[in-house]
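When the letters of the sequence shown are read in order and numbered with our numbering, they come out as residues 41 to 490. We put the beta carbon where it would ideally sit given N, CA and C, even for glycine. Below: one structure, written as structure tokens.
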Amino acid sequence: MEYYSLGKQSANVDFKIAAITGQAPDKGLYFPTTIPQLTTEQIERFKTLDKASLAFEVMRPYVGGTIDDASLKQICKETIDFDFPLVPITSNIKSLELFHGPTLAFKDVGARFMSRCLGYFSKTSSSNNNTVLVATSGDTGGAVANGFLGVEGVQVIILYPKGKVSPIQELQLTTCGQNITALEVDGSFDDCQAIVKEAFMDADLNAAYHLTSANSINVARWLPQQLYYFFAWQQWVAQYGDNTPMHIVVPSGNFGNICAGMMAKASGLPLGHFVAACNDNNVVTRYLSTGNYEVKKSVETISNAMDVGNPSNFVRILEIMQNNFDQLKNALSSYSNDDISTQAAITRVYNDYGYTLDPHGAVAFLAAEEFIHDHEHAITHYNHTVESMPVHAVILETAHPVKFPEVVEEAIGHPLTIPASVKYLLDKPKQSIPLAATYTAFKQWMLEQL
Ligand SMILES: *Cc1c(COP(=O)(O)O)cnc(C)c1O
């Protein structure tokens, strides 16, 4: 298995080079030359296969021999050693809870898989001394810090906007120590991202460091996210059998998660329709309805992990869909909802169904309701009774509500209990380095570390 650059100007590489470099030299995203196809026999067997073996079988072709089987098995086992339960909210909407990992967000799986791959590559070859640079609006930083903590041969530098991440998120990314450094940037998330982008293009820094990104542009972080869809589908067929389509609603920002799901479907997993749930950052929602891809600057919302103006993984979705707009519209829908509706949805779902959504899950819940409403159709029987054909959907709950306490507590009217798994953070001292929001300040700091 090789990867080509969607920029079409760079040579093909193997999984190892794609993981170590993040992006192709022409700045294009890497994409597999062929999408591995699952056999009917495999799909049948996958229904009851244990999670670690399933993960190994799904990831093996993508890794393409750059990691030996025993090590890959171990990496898969460590990556997914927690639960991904499919929990009913209403009679036809279920929540796939992706927040049972160490940092309570779905990014744990990608970050853990990628960190272990880089650790393996630095142990088994000369590609050590990798420096992972990452800008975060909250969740990525914590998952990357936790995933890479103690991985030998890899240094991690996280840039986060001062005062703009929630208290638990800040603790998750500033209390690790060891090979993890947090830079508290006196600016916005966009400033952090701009600094990281410039760093990847800076000849001086690239001469001094092997820089890579732990963003979902990196195939080692992006591809393992497919596994959620397999785990959801296992639980789905156990309940409904093969004949009820599982439509999937994904709260989307950079579109890495939903794109991974569409890869799983392209490889033969029998999934239903995909729905991208967006907040006011809705370039894709508008594109699907008008055909115009019109990028706007991102706006701040309460579902801030989705505050992305120009989603980096959308080009990969277009590639899966062979750049055919009709094919895309058949596979993907999108709905956009603002903060007021999102907050109201958290309140309503809590009051009516006793389920606590986080703001990202709430955006997905609203999109699921709209999708179901648009696709449920009534059939009239011979005796003139009318029956509506139920449509079922799964929403991906991408973060634990406790990561967004201000919004959620206000919406449900009482405090949230902090799960034991993050309580220990409260006693740990925050370690961060203050930094002005300029590239010059960052570069100077980087060069001083040598
Ligand atoms: C990152 C994130 C998203 C968006 O995922 P993408 O893969 O960037 O589309 C949604 N919800 C939460 C909680 C996240 O952390």
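query, result
"Would you check if there are 3 or more beta carbon pairs closer than 8 angstroms linking the stretch 224 to 231 to the stretch 239 to 256?", "no"
"In whole angstroms, give me the CA-to-CA distance for A222 and I198.", "5 angstroms"
"On a CA-only basis, which of I60, V172 and F71 is nearest V355? Give me that one, please.", "F71"
"Leaving aside the five residues before and after T73 along the sequence, list all residues of the same chain whose C-beta is less than 8 angstroms from its C-beta, in chain order.", "M41, E42, Y43, Y44 and N52"
"On the three-state DSSP scale, how would you describe L56?", "A small correction: the amino acid at residue 56 is Lys; Leu does not occupy that position in the sequence shown. DSSP places K56 in helix when its eight states are reduced to three."
"Heavy atom of ligand 1 less than 8 angstroms from the Cβ of T265, yes or no?", "Checking the sequence, you will find Gln at residue 265 rather than Thr. Yes."
"In whole angstroms, what separates the C-alpha of K204 from that of S177?", "7 angstroms"
"When every heavy atom of ligand 1 is checked, does at least one fall within less than 8 angstroms of the C-beta of V348?", "yes"
"Can the beta-carbon of V324 be found closer than 9 angstroms to that of L136?", "no"
"Using three-state DSSP, classify D552 as helix, strand or coil.", "The displayed coordinates of the chain run from 41 to 490. Any statement about residue 552 would go beyond what the structure contains."
"Q209 to P201, Cα distance in whole Å?", "12 angstroms"
"Please report the straight-line C-alpha distance between A306 and V259, rounded to a whole angstrom.", "16 angstroms"
"Compute the beta-carbon to beta-carbon distance between S343 and P291, rounded to the nearest angstrom, for a pair I have assumed lies under 8 angstroms.", "7 angstroms"
"In angstroms with no decimal places, state the Cα-to-Cα distance between R261 and H424.", "53 angstroms"
"Please report the Cβ distance between G187 and A151, rounded to the nearest whole angstrom; I am assuming they are in contact, meaning their Cβ atoms lie under 8 angstroms.", "3 angstroms"
"Measure the beta-carbon distance from S50 to G68 and round it to whole angstroms, keeping in mind my assumption that it falls under 8 angstroms.", "7 angstroms"
"Let me know if E413 comes out buried or exposed under the rule of 16 or more other beta-carbons within 10 Å of its beta-carbon.", "Checking the sequence shown, residue 413 turns out to be His, not Glu. Answer is exposed; the Cβ neighbour count stays below 16."
"Measure the C-alpha to C-alpha separation of G141 and T420 and round it to an integer number of angstroms.", "46 angstroms"
"Spatial neighbours of P459 within its chain, please: CB distance less than 8 angstroms, with the 5 preceding and 5 following residues excluded, ordered by chain position.", "L144, H440 and V442"
"Compute every distance between the C-beta of T164 and the non-hydrogen atoms of ligand 1, then say whether any falls below 8 angstroms.", "no"
"In three-state terms, what does DSSP make of P142?", "coil"
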